[in-house]
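Below is one structure; the comments refer to it alone.
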Ligand SMILES: NC(=O)c1ccc[n+]([C@@H]2O[C@H](COP(=O)([O-])OP(=O)(O)OC[C@H]3O[C@@H](n4cnc5c(N)ncnc54)[C@H](O)[C@@H]3O)[C@@H](O)[C@H]2O)c1
């Protein structure tokens, strides 16, 4: 098993990609802590993982809130004795055009999508540094590279921030044997993209060389690679998983 004996926090684990990642990690032997601001979805996934013999617990946490983040990392280490993998997956998406974005929406998107990555990574790094090992994987987005046409500019800008934060942390964490990377998905078949509507999705899919959206499981497999020992010499990488939409 790729992750046997590891303890992993996955944020936004009640959602499509987070849920697929939690299931995959548990199947690969990790103890998974599913954190989400809405606990019903993540608790149901944790229950299913336990029923099939895996190790999982769920908890309610708002990743934009410093107190919740500190408590999440502390309770994970107290309960399971370690924190080996952090997956910064929680995010919110808005499609508001720039002229209609108000300051409250701008701040909320940046707080949930980018401040959270800083807060969680800081607390995880604090712990992983003492162990001289660890893996931090954050979710960026193709919109960070090409701009947000369907998704809002605030969402795209937050994800561009995730990319730069990932590279900065990778530099500072490398001396401690910690790998810090990001996955950069193109459009993926999830409720987030379903909300764009059928017409927008058909038009977008036609522009992708594979002529289809990614599946949550396909994104989870890239996250697994970056969380496993198979990527031990990879750090500061922004891994495109987009069916050929962007090649850079
Ligand atoms: N779906 C796509 O096409 C796509 C494309 C590129 C990047 N991504 C990124 O992949 C990740 C997962 O996307 P998804 O499509 O599975 O989204 P999703 O909406 O299905 O899941 C996101 C989860 O995050 C949780 N969440 C929201 N705010 C939170 C908060 N403050 N604290 C804790 N949890 C919170 C939600 O409750 C939800 O369960 C996100 O970072 C997203 O930006 C998705």
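Residue numbers (my numbering): 3 to 250.
From the three backbone atoms N, C-alpha and C, an ideal C-beta is built for every residue, glycine too.
Only a predicted model underlies this, so the values are computations on that prediction, with no experimental measurement involved.
Closest Cα partner of residue 179 within the set 231, 20, 25 and 186: 231
**Report entry** Contact under 8 Å by Cβ, residue 1 with residue 156
**Finding:** Here the chain comprises residues numbered 3 to 250, so residue 1 is not present and cannot be evaluated.
Is residue 78 close to ligand 1? I mean its beta-carbon at under 7 Å from any heavy atom of the ligand.
no
message: So, at 6 Å on beta carbons, what are the nonlocal neighbours of residue 226 in its own chain, with the 5 sequence-adjacent residues on each side left out?
response: 26
So, are the CB atoms of residue 190 and residue 92 less than 8 Å apart?
no
**Item:** residue 19 beta carbon less than 8 Å from that of residue 218
**Value:** yes
Self-check item: beta strand (DSSP E) runs wholly inside the stretch 125–159, at least 3 long, in chain order
Solution: 136–141
Item to complete: Tell me whether residue 70 sits in a helix, a strand or coil according to DSSP, three-state version.
Response: helix
task: Give a single yes or no on whether residue 248 has its beta carbon closer than 7 Å to a heavy atom of ligand 1.
output: no
Open item on the list: Please report whether the beta-carbon of residue 33 lies at a distance below 8 Å from any beta-carbon of chain C.
Closed with: Reference to chain C is not applicable here, since this structure consists of a single protein chain.
Residues bridged to residue 216 (per DSSP):
190
### Message
Let me make sure I understand the geometry here. Which of 81, 154 and 90 has the alpha-carbon closest to that of residue 107?
### Response
154
request  = Taking only heavy atoms of ligand 1 into account, decide whether any of them is closer than 7 Å to the Cβ of residue 286.
outcome  = Residue 286 lies beyond the range of the chain shown here (3 to 250); nothing can be said about it.
| Check whether residue 233 and residue 171 have beta carbons under 8 Å apart | no
With three or more beta-carbon pairs closer than 8 Å as the criterion, would you say the stretch 161–175 touches the stretch 110–119? yes
* Asked: Buried or exposed: which applies to residue 209, given that a residue is buried once 16 or more other Cβ atoms fall within 10 Å of its Cβ?
  -> exposed
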